[in-house]
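Heads up: take any position in the sequence shown, counting from 1, add 74, and you land on the numbering used here. Beta carbons are placed, not taken as given, at the ideal position from N, Cα and C, and that holds for glycine. Just so we're clear, the structure is a prediction, and the values are computed from it rather than from any experiment. Before any comments, here is the structure.
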Amino acid sequence: MRVKKSGLIDEGLWLLGTEESCVYLLEGSQSSVLISAGLSYILPEYFRQISSWGISEEKIDHIIILHAHFDHVGVVPFLKRKWPHVKVYASSRGWEVLANPKAISVINEFTLKVCRRVRGNADILSSLNWQWRDDVLGENLKQNSCIDLGDRHVEVYETPGHSSCSISAYVPQLKALFPSDAAAIPYQDEYVITAGSSFEAYQQSLDKLAGLDVQLLCADHYGYITGEEATRYIAQSKSAAAQMIDKLCLTLRKEGGVEPAAARLVKLHFQRRPDYFVHPDILLSTYTQMLKQFAHSDER
Numbered sequence: 075m076r077v078k079k080s081g082l083i084d085e086g087l088w089l090l091g092t093e094e095s096c097v098y099l100l101e102g103s104q105s106s107v108l109i110s111a112g113l114s115y116i117l118p119e120y121f122r123q124i125s126s127w128g129i130s131e132e133k134i135d136h137i138i139i140l141h142a143h144f145d146h147v148g149v150v151p152f153l154k155r156k157w158p159h160v161k162v163y164a165s166s167r168g169w170e171v172l173a174n175p176k177a178i179s180v181i182n183e184f185t186l187k188v189c190r191r192v193r194g195n196a197d198i199l200s201s202l203n204w205q206w207r208d209d210v211l212g213e214n215l216k217q218n219s220c221i222d223l224g225d226r227h228v229e230v231y232e233t234p235g236h237s238s239c240s241i242s243a244y245v246p247q248l249k250a251l252f253p254s255d256a257a258a259i260p261y262q263d264e265y266v267i268t269a270g271s272s273f274e275a276y277q278q279s280l281d282k283l284a285g286l287d288v289q290l291l292c293a294d295h296y297g298y299i300t301g302e303e304a305t306r307y308i309a310q311s312k313s314a315a316a317q318m319i320d321k322l323c324l325t326l327r328k329e330g331g332v333e334p335a336a337a338r339l340v341k342l343h344f345q346r347r348p349d350y351f352v353h354p355d356i357l358l359s360t361y362t363q364m365l366k367q368f369a370h371s372d373e374r
């Protein structure tokens, strides 16, 4: 079952943010962690939620960045400046991205684009110190890293493919997986694949996650999945990835090149999903990256 509504998921586990931009708060006996960091414009909603639901801010000692794209790092700068004691974690490659001035500029630019697309304007950001600069530092996570919360802990898996810096989190006490975009995005009843970095690595990462006992899958976009679908979600993501490869190669052959194929796929994407949160310009870049992985092989 797919659930988009924010609120309590299980004892000590909360979905915060909005339908299109999800952040998860996991409470342990000693401390709490934010898993993933959403888009910057969810900050007012985030604070309203933790206040109205009686969640303790003081226990939040950790924030995990699952990958360094703009829509997964948004609340970090504001919260790190508000709570200097909080430890922020990402993969080593993630920190390389977040230290790159060009990448920081893209993060801030894309944040404004999506805020205007979803909210109609960017006024909600005007009073927030939300921008990424060079003042946010943190710690590295890698395969088999572990964050101890007391009676619960978070295990880390390196899962590149969507991006080169992607990691996933798993909480064995809840059998809960947080794959970010390393697995399919659960838009409506679909499995949307965005393997912009490497389809080969993406499929290998899914194979790695397939060995976990998953009863709850917490996605970064469009909510979480429970029950039987959560158990088979990684397998379904693998099937959807194979279907996406076929679609990319077919469109390349029909359109004759990466640029027209990307334009065609973006048009089809929004015809089917008109309210999808990503700005068309950004999605065009994603499709271009995916198509380039097959352009030369398709020409042979």
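Beta-carbon proximity list for residue i, same chain, < 6 Å, skipping 5 on both sides
i, result
"Y307", "L291 and I299"
"Y350", "none"
"D287", "K249"
"L87", "L100"
"A196", "L186, C189 and R190"
Residue i in three-state terms, based on DSSP
i, result
"I267", "coil"
"S165", "strand"
"I181", "helix"
"L283", "helix"
"E131", "helix"
"E85", "coil"
"R190", "helix"
"A256", "helix"
"S95", "coil"
"D222", "strand"
"S238", "coil"
"L251", "strand"
"V160", "coil"
"L202", "coil"
"S106", "strand"
Endpoints, beta strand (DSSP E) assigned at residue i
i, result
"E229", "H227 to E232"
"H136", "I134 to I138"
"L409", "For residue 409 there is no data in the structure shown, the boundaries of the chain being 75 and 374."
"L211", "Looking at the DSSP string, L211 is not in any beta strand (DSSP E), and its letter there is neither H nor E."
Contact set for residue i: own chain, Cβ-Cβ below 7 Å, skip 5 residues either direction
i, result
"A269", "G235, H236, Y276, A315 and M364"
"Y265", "A258, Q310, S311 and A314"
"L339", "T325 and Y361"
"D225", "G102 and S103"
"Y120", "L90, G91, V97 and V149"
"L357", "V340 and H343"
"K282", "Y231 and T233"
Close beta carbons around residue i, own chain, < 8 Å, minus the five adjacent residues each side
i, result
"G297", "R76, V77, K78, K79, L89, E93, C96 and P260"
"H146", "S110, A111, G112, I139, L140, S254, D255 and D294"
"N203", "P151, F152 and R155"
Enclosing alpha helix (DSSP H) for residue i [first to last residue]
i, result
"S359", "P354 to K366"
"A336", "V332 to R346"
"V150", "V150 to K156"
"L322", "G301 to E329"
"Y261", "That residue, Y261, is in no alpha helix (DSSP H); it is neither H nor E in DSSP."
Nearest neighbour of residue i, chosen from the options [CA to CA]
i, options, result
"S272", "L172, Q247, V288 and S240", "S240"
"T360", "Y120, S114 and H143", "H143"
"N218", "D225, E229 and G224", "E229"
"D355", "K187, G168 and P246", "K187"
"S105", "L280, N214, H227 and A369", "H227"
"Q289", "L280, Q278, D84 and E302", "E302"
"L280", "Q262, F252 and V180", "F252"
"W127", "R167, I83 and I221", "I83"
"E133", "L108, I116, Y244 and L117", "Correcting the residue type first, residue 133 is Lys in the shown sequence and not Glu. The candidate whose alpha carbon is nearest that of K133 is L108."
"I221", "Q205, A284 and V245", "V245"
Item to complete: Count the C-beta pairs between the region 130-138 and the region 148-161 that are closer than 8 Å, then say yes if the count reaches three, no if not.
Response: yes
Practice prompt. Please determine if the region 146-157 and the region 202-219 are in contact, where contact requires at least 3 C-beta pairs separated by less than 8 Å.
Written response: yes
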